[in-house]
Structure formats: C-alpha cells, structure tokens
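Asker:
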Amino acid sequence: MFFWALKASALLLCLWFVLGVSHAFGVEMVIVTKADNGREIRIAAGGSLRIELPQAGAAGYAWEVQELDPEHFEVLEAGTTDRPGPQDIVGAPVTMRWILLAKKPGRAELRFLHHWPWVGKEHARETFFLRVQIF
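For the sequence shown, position 81 matches number 106 in this note's numbering, and the numbering has no gaps at all.
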C-alpha cells in the first residue's frame, strides 16, 4: 500500500510540473509576442503578463516601455532571454522579455518603442502596442 501511495505522490508531482507551477497555484500567465501587436488581451488581476520582443541589440536598438500605468501594472522582471554565444554571428538578435503583474481590474494600454536611445523616441524603428483588459 505504501508503494502505491508513493507512486501516486510522484505522479501528482510530475503533473504539477507538466501543467505549470503557475496554474497549480491558480496564477495566470499570458504570453505575448510581436505577432500580438495591436491586439487586445484579457488577464485576471493577480496574473502575470510575459511580453517577448526580438531586439537588434548589437546594432544599438533597444525596446523601451512607454508610460507604464503603475495603477494597473508592476514590472516583476525585465531583461534579455537569449545571449549570443561566442560562435554566433556578431549582431545576432536577442529577445527582450518583461514580466508584468496585472495589479487590479480595469483597462490599460502598453506601448513599447524599438529605437536607438541616443537618437530619440520620435525616430523609433518599430512600435508595439497592446490593449489590456484586467478582470
């Protein structure tokens, strides 16, 4: 009997990892990429929003969040997810990632600019825009 209980516990632990730790605790994680530009998404208050955008960092371009609404969002994490290795081509793109906490119900917008910081925001190479409904 002990063996079966141990086996069941191991199975539940595996399912917990397969389904994702965030879902096991009832926390939602919405993942957004460049393909979602201009869309509206819905997320529960208390959930996390992961935004991943390709960045030509070696060329000096950087994504920058524009006027983040502090009433609705908190930045939990920001940084690049990919770092070119020594064998990679100089100038290889990286992925910029932000994880935002959806703080309270309401509507908000997120804007990001991909630009050379020293040239100015008005000369942005790309923009990324997202409407967010927090429920």
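No residue lacks a Cβ here, since even glycine has one placed at the ideal position from N, Cα and C.
Flag this pair as yes or no: are the beta carbons of G72 and V55 separated by less than 8 Å?
Answerer: yes
Asker: What does DSSP give as the partner residues of G104 in its beta bridges?
Answerer: G104 pairs with R122.
Asker: Let me check understanding here. Comparing Cα to Cα, which of K128, H148 and G145 lies closest to V100?
Answerer: K128
Asker: Mapping DSSP to helix, strand and coil, what is H140?
Answerer: strand
Asker: Check this for me: beta carbons of Q158 and R132, under 8 Å apart or not?
Answerer: yes
Asker: According to DSSP, is A60 helix, strand or coil?
Answerer: helix
Asker: Could you tell me the distance, in whole angstroms, from the CA atom of P130 to the CA atom of E77?
Answerer: Inter-residue distance for P130 and E77 is about 23 Å (C-alpha atoms, whole angstroms).
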